[in-house]
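Participant: If you read the sequences in order, they're chains A and B. To get this note's numbering, take the position in the first sequence, counting from 1, and add 16. Reminder that position 89 of the second sequence reads as 77 in this note's numbering, one-by-one numbering, no gaps.
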Amino acid sequence: MNEYDEKWEEQINALLDGELSASGADLLKAEATDDRDLAKAIIEAYQLQKAMDEIRVERAPDSLRKRLRAIPRQQRPTPMFRFLQPRWVTALAVIPLVLVSVNLMKPDTPSADEVTKARQEMAIAFAYLDRAGVITGREIESKVGQTMADAVTGSVNKAIQSQNLLSKEKKV
Amino acid sequence: MKRTVMKKFITGLFCTLLALPAIAQEDELKDLAGYVDFGDLSATYGEPKITINLGGTMLNFVGMMTESEEPETAELISKLKGIRVQIYSTEDNADIAWNQFDEVKGNLKSTGWEPIVQINEKDEKVLVYMKMEGDNMEGMTVMVVDEEEAVFVNIIGQLNPTELGRVMESFDVDVELGMD
C-alpha cells in the first residue's frame, strides 16, 4: 500500500466513522467521481461495515465464562497474613466478645472442678510451707543439734499458736 | 509458617483471656495487710513454673466442700483470706532471685513484718516472716531460693503451723517438690 492509498484509506475510515468534516467528505466524493478505484474502495468499505454490524455477539459457554472469571482470582498474589483478611479479623474479634459474654453470664459460684483444682493448689502451697519448715529444721539441726532444732521450731510454732489462742480468747 | 504465626497468635489470645480470673484474684488480695509483692522475675527466668492465686471467695468454697468430711481442715481454711505461690526455675543462675529475695526482705522489714526464721547459707536462703496486726496474724511469707528454684509463698490470713501439719495428711494430692 503506497502513501496515496494510505491517505484515502484514512479518509474512508473517517467517513464511515462519521468523523470526516463536510468539506473533507465533499472532496472525497469529488475525487471518487474521477477515480474508479477509490469509488470501489469506498463501496467495499461500506459493505464491510454493514457486514460487521450484522455479526451478533455469540455468548460463550458457561464453563468457559467460569474459567475466565477465575483467572483474576488465581493471578492475585496470596496475602502474607491470611488471618488479617476481613473474615478472619471478624472471626478473631468475635472470640473475646464470646468469652467475655460467657464470663458475664457465668454465675459467681465456681464449678466442682474449679473448687477441686483450688484445693489441689492449696495443697501444693501447704506442701511448700511444710517443706520450708523441714529445711529450717534440718539447717538448725545441722548447726546446733536435734534438741535445739526441736526447741526452736517448737517455740516458733508455739509463738504462732499462742497468737491464735489469744485471738480466740478475745473473740470469746 | 503462616499457620504457625496464626496458631501462636490465637494461643496467646486464649491464654491471656484464660489468665484473667487469676489476675482478678491477685487484684482482690492486693489491698489486704498480709499481702506481699514478690515482684516479677519472669524477665530473667521466664514464666513461673507454678503460679497460685487463691482469693477468699474460692477458699470459702473449698472450705464448704471440705466441711462435712474434714472439719479440722475446713476450720483452718476458714481463717485464710488468700494463698499465693510463685515458683521459678533458677537453673544454676540464682543471682537475680537472691537480689529479689533481699529486696522483698527489705520491704517486709520496713512494713512491720516480723522475722521468724532466716537461713543464709552460701547456696540457699530461707526466710519466714509473719505480719501481726495487734494480736491477729495477718499473713505469713515464706521465701526459699537456691540454685534450682526460687519459691515465694504468701499466706494471707491466719495459719497455725501445727494445724497445718495435721491437715496436710488429709490432702490426698501427690506433690513433687523441687526444693530439698
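Here a beta-carbon is modelled for each residue, glycine too, at the ideal position from N, C-alpha and C.
Pull out every residue of the segment 27 to 39 of chain B whose Cβ sits closer than 8 Å to any Cβ of chain A, in chain order.
Facilitator: Listed in sequence order: 38.
Participant: Considering only their Cβ atoms, is the gap separating residue 89 (chain B) from residue 113 (chain B) smaller than 7 Å?
Facilitator: Contact flag set, yes.
Participant: On the three-pair Cβ rule with 8 Å, is the segment 133 to 151 of chain B touching the segment 78 to 96 of chain B?
Facilitator: Yes, the segment 133 to 151 of chain B is in contact with the segment 78 to 96 of chain B.
Participant: Roughly how many whole angstroms lie between the Cα atoms of residue 107 (chain B) and residue 142 (chain B)?
Facilitator: Going from the Cα of residue 107 (chain B) to the Cα of residue 142 (chain B) covers about 18 Å.
Participant: If contact means a Cβ-Cβ distance below 7 Å, which residues of the segment 37 to 58 of chain B contact chain E?
Facilitator: The displayed structure is made up of protein chains A and B, and chain E is not among them.
Participant: Is it the case that the segment 29 to 39 of chain B contacts the segment 89 to 100 of chain B, given that we only count it when at least three CB pairs across the two stretches are under 8 Å?
Facilitator: The segment 89 to 100 of chain B is not in contact with the segment 29 to 39 of chain B.
Participant: When you compare only the Cα positions, how much space is there between residue 17 (chain A) and residue 83 (chain A)?
Facilitator: Interpretation of residue 17 (chain A) is limited by its pLDDT of 49, a score under 50 that renders its predicted location unreliable; the figure taken from the coordinates is listed afterwards. The straight-line gap from Cα to Cα measures roughly 42 Å.
Participant: If the cut is a Cβ gap below 7 Å, which residues of chain B does residue 148 (chain A) touch?
Facilitator: The contacting residues are 114, 116, 130 and 132.
Participant: Where does residue 33 (chain B) land, buried or exposed, given buried means 16+ other C-beta within 10 angstroms?
Facilitator: By the neighbour-count rule (16 or more Cβ atoms within 10 Å), residue 33 (chain B) is buried.
Participant: So with Cβ pairs under 7 Å, would you call residue 20 (chain B) a contact of chain A?
Facilitator: Chain A, which has no Cβ nearer than 7 Å to the Cβ of residue 20 (chain B), makes this no.
Participant: Closer than 7 Å, Cβ to any Cβ of chain A: which residues of the segment 70 to 100 of chain B, in chain order?
Facilitator: Those would be 71 and 73, in chain order.
Participant: Please name the residue, chosen from B:152, B:74 and B:144, that lies closest to residue 119 (chain B) on a Cα-to-Cα basis.
Facilitator: Measuring from the Cα of residue 119 (chain B), the nearest candidate turns out to be B:144.
Participant: If the cut-off is 7 Å on Cβ atoms, which residues from the segment 132 to 157 of chain A count as contacting chain B, listed in chain order?
Facilitator: Per Cβ criterion, the list reads 134, 135, 136, 137, 138, 139, 140, 141, 142, 143, 144, 145, 146, 147, 148, 149, 151, 152 and 155.
Participant: Pick from B:65, B:109, B:73 and B:59: whose alpha carbon is nearest that of residue 169 (chain B)?
Facilitator: Past the boundaries of the shown model lies residue 169 (chain B); chain B is included only from -11 to 168, so the question cannot be answered.
Participant: Helix, strand or coil for residue 128 (chain A), going by three-state DSSP, please let me know.
Facilitator: Three-state result, residue 128 (chain A): helix.
Participant: Checking 7 Å against the spacing of the C-beta atoms, do residue 29 (chain B) and residue 23 (chain B) come in under that value?
Facilitator: No.
Participant: Nearest by alpha-carbon distance to residue 20 (chain B): which of B:132, B:127, B:150 and B:134 is it?
Facilitator: Of B:132, B:127, B:150 and B:134, the residue nearest in Cα terms is B:127.
Participant: Examine chain A for any beta-carbon lying closer than 7 Å to the beta-carbon of residue 152 (chain B), and answer yes or no.
Facilitator: Yes, contact with chain A.
Participant: Using the three-state DSSP reduction, which class does residue 127 (chain B) fall into: helix, strand or coil?
Facilitator: Strand at residue 127 (chain B).
Participant: Would residue 155 (chain B) and residue 131 (chain A) qualify as a contact pair, given that the criterion is a beta-carbon distance under 7 Å?
Facilitator: Going by C-beta atoms, residue 155 (chain B) is not nearer than 7 Å to residue 131 (chain A).
Participant: Give the single residue among A:59, A:41, A:151 and A:75 whose Cα lies nearest to the Cα of residue 130 (chain B).
Facilitator: With distances taken between Cα atoms, residue 130 (chain B) lies closest to A:151.
Participant: Around the Cβ of residue 62 (chain A), are there at least 16 other Cβ atoms within 10 angstroms (buried) or fewer (exposed)?
Facilitator: Answer is exposed; the Cβ neighbour count stays below 16.
Participant: List the residues of chain A that residue 144 (chain B) touches, going by C-beta distances under 9 Å, in chain order.
Facilitator: Simply none; closest approach about 11 Å.
Participant: At what residue ranges does the segment 24 to 106 of chain B contain a whole run of the beta strand (DSSP E), taking only runs of 3 or more?
Facilitator: DSSP runs (the beta strand (DSSP E)) wholly in the segment 24 to 106 of chain B: 38 to 42 and 68 to 77.
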